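Trainee: Residue numbers (this note's numbering): -11 to 334.
Pasting a structure below so you can have a look.
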């Protein structure tokens, strides 16, 4: 009986990885260049009963232009007085902002707004996030782009998301190669972690060599399917292990600050032990009632068969943060930037 339960658990982990990988690949490939942006529909003006005369229109237009010019001059003066700061963002889809449908969304757009409003800074951002990129691919883009190198060299602060696609590559490699038992998958993930540590160090070293002064603010990864499989520990273990590798590697780089968003984004609205225990019990019942095949797992990922969703993740793919999720990332980034203010203009 003990072996049977272990075998079923192994099958579940494999099924999750297969469905996870399929959904991840399809969504990433459709967002390789630009994150989706949602434009709010314009508000239609109510019907006007009195038709304006040409004189009224001319007067109104002149007044509007005068007000606009005055406002623009005021903004220009205010902006000119503000101290300038440049933030360069490197990474994968989380830096690109995939999943946030708001205009100027993602944590890059939100941190710009926050620094502008709260710290009265004139902020310029350069977003070099690209969906699907692993650590070595981010480094390759950096090495091949003089423009990107120049922006990194001139940055006052650097932000980064990396690691999720490296882990996914390891999980997919294990599954596609037939290494489907938990023990075999553990071994593959451990080997992937070692390779990732080397690649990450190369990336971080390259960034630091280009810019010796700017602090680097590095995000952790998280478990996007926790709410569907809160009773399955395997993926949590892998993600925790990857985050530990990232943090340990980051310790070799000066002025680098690791920001752990794993619990915040993985758990979503299940922010207490009691809530997570109840969710795990519910998921265990739902998963035991299923046959643990890929179809049922995929149904959970794309439709929420357990009836649960993570309030911080996009309902479009259940992988990337939505606007609220990116707000949580931004809050963590802003606090860390305030705690380490060497980037702030004097």
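We treat Cβ as the ideally placed atom computed from N, Cα and C, and that holds for glycine.
None of these values were measured; they are calculated from a predicted model.
Residue 75 bridges to which residues according to DSSP?
Mentor: BP columns for residue 75 point to 113 and 145.
Trainee: If you check the beta carbons only, do residue 207 and residue 317 fall under 8 Å apart?
Mentor: It is a contact, given that the beta carbons lie within the stated cut-off.
Trainee: Please state if the CB of residue 216 and the CB of residue 177 are separated by a distance shorter than 8 Å.
Mentor: Their beta carbons are not under 8 Å apart, which means residue 177 does not touch residue 216 by this criterion.
Trainee: Run through the DSSP bridge pairs and tell me what residue 301 is partnered with.
Mentor: In the DSSP output, where bridge partners are listed per residue, residue 301 has 309.
Trainee: Drop a sphere of 10 angstroms on the beta-carbon of residue 106, count the other beta-carbons inside from all chains shown, and report buried for 16 or more, exposed for fewer.
Mentor: By the 10 Å Cβ count, residue 106 comes out exposed.
Trainee: Which residue's Cα is closest to the Cα of residue 314: 127, 132, 89 and 158?
Mentor: Out of 127, 132, 89 and 158, 89 has the C-alpha closest to the C-alpha of residue 314.
Trainee: Restricting to Cα atoms, I'd like to know which of 87, 209, 139 and 296 is closest to residue 202.
Mentor: Comparing Cα positions, the closest option is 139.
Trainee: Measuring alpha carbon to alpha carbon, tell me which residue in 135, 264, 101 and 324 is nearest residue 249.
Mentor: Nearest of 135, 264, 101 and 324 to residue 249, Cα basis: 324.
Trainee: Does DSSP put residue 216 in a helix, a strand or coil?
Mentor: Coil.
Trainee: Residues bridged to residue 205 by DSSP?
Mentor: Paired residues: 147 and 245.
Trainee: Taking the alpha carbon of residue 230 as the reference point, which residue from 255, 273, 188 and 244 has its own alpha carbon closest?
Mentor: The option with the nearest alpha carbon to residue 230 is 188.
Trainee: Going by the beta-carbon positions, is the gap between residue 158 and residue 180 smaller than 8 Å?
Mentor: Yes, the pair counts as a contact, with Cβ atoms nearer than the cut-off.
Trainee: Using the three-state DSSP reduction, which class does residue 81 fall into: helix, strand or coil?
Mentor: Looking at residue 81 - three-state DSSP - the assignment turns out to be helix.
Trainee: Less than 8 Å between the C-beta atoms of residue 302 and residue 87, yes or no?
Mentor: In contact: residue 302 and residue 87 (Cβ atoms closer than 8 Å).
Trainee: Is the Cβ-Cβ distance between residue 154 and residue 190 less than 8 Å?
Mentor: No. Outside cutoff.
Trainee: Helix, strand or coil: how does DSSP classify residue 122 here?
Mentor: Residue state, collapsed to three classes: coil.
Trainee: Ends of the alpha helix (DSSP H) at residue 256?
Mentor: Taken as a continuous stretch (DSSP letters only), residue 256 belongs to no alpha helix (DSSP H), as it is neither H nor E.
Trainee: Looking at C-alpha atoms only, which residue of 129, 246, 126 and 152 is the closest neighbour of residue 322?
Mentor: Residue 322 has its Cα closest to that of 246, out of 129, 246, 126 and 152.
Trainee: Going by C-alpha distance, which of 113, 259, 170 and 298 is nearest residue 144?
Mentor: Checking every option, the nearest Cα to that of residue 144 belongs to 113.
Trainee: Taking all protein chains shown into account, decide if residue 45 is buried (16 or more other Cβ within 10 angstroms of its Cβ) or exposed.
Mentor: Residue confidence is low: residue 45 scores 43 on pLDDT, short of 50, so the model does not pin down where it sits. Its coordinate-derived value is still stated next. So residue 45 counts as exposed.
Trainee: Return the residue from the list 172, 243 and 163 that minimises the CA-CA distance to residue 199.
Mentor: Cα-wise, what sits closest to residue 199 is 243.
Trainee: Rounding to the nearest angstrom, what Cα-Cα distance links residue 332 and residue 170 in this structure?
Mentor: Rounded to whole angstroms, residue 332 to residue 170 spans 47 Å at the Cα level.
Trainee: Could you tell me how far apart the beta carbons of residue 265 and residue 214 are, in whole angstroms, since I believe they sit closer than 8 Å?
Mentor: That belief does not hold up - the Cβ atoms of residue 265 and residue 214 are roughly 13 Å apart, past 8 Å.
Trainee: Compute the Euclidean distance between the alpha carbons of residue 173 and residue 267, then round it to the nearest angstrom.
Mentor: C-alpha separation (whole angstroms): 26 Å.
Trainee: May I ask you to report which of helix, strand or coil DSSP gives residue 334?
Mentor: Correct three-state label for residue 334: coil.
Trainee: Output the distance between the C-alpha atoms of residue 273 and residue 218, rounded to the nearest integer angstrom.
Mentor: Using only the alpha carbons, I get a separation of about 11 Å.
Trainee: Suppose contacts are defined by Cβ-Cβ distances below 8 Å. Is residue 195 in contact with residue 79 by that definition?
Mentor: Contact flag unset, no.
Trainee: Hey, would you say residue 115 sits closer than 8 Å to residue 83, going by beta carbons?
Mentor: Yes, these two residues count as a Cβ contact at 8 Å.
Trainee: Below 8 Å on the Cβ atoms is my contact criterion, and I expect residue 241 with residue 192 to pass it. Report the Cβ-Cβ distance as a whole number of Å.
Mentor: Confirmed, about 5 Å.
Trainee: Assuming residue 89 is part of the alpha helix (DSSP H), what are its boundary residues?
Mentor: Note, residue 89: premise wrong, no alpha helix (DSSP H); not H, not E.
Trainee: Note down the Cα distance separating residue 110 from residue 76, rounded to an integer number of angstroms.
Mentor: Using only the alpha carbons, I get a separation of about 14 Å.
Trainee: Whose C-beta lies closer than 6 Å to the C-beta of residue 224 among residues of the same chain, with five residues either side of it excluded?
Mentor: 211.
Trainee: So for residue 169, helix, strand or coil by DSSP?
Mentor: Residue 169 falls in the coil class under three-state DSSP.
Trainee: Inspect the beta-carbon positions of residue 299 and residue 256 and report whether they are closer than 8 Å.
Mentor: Yes.
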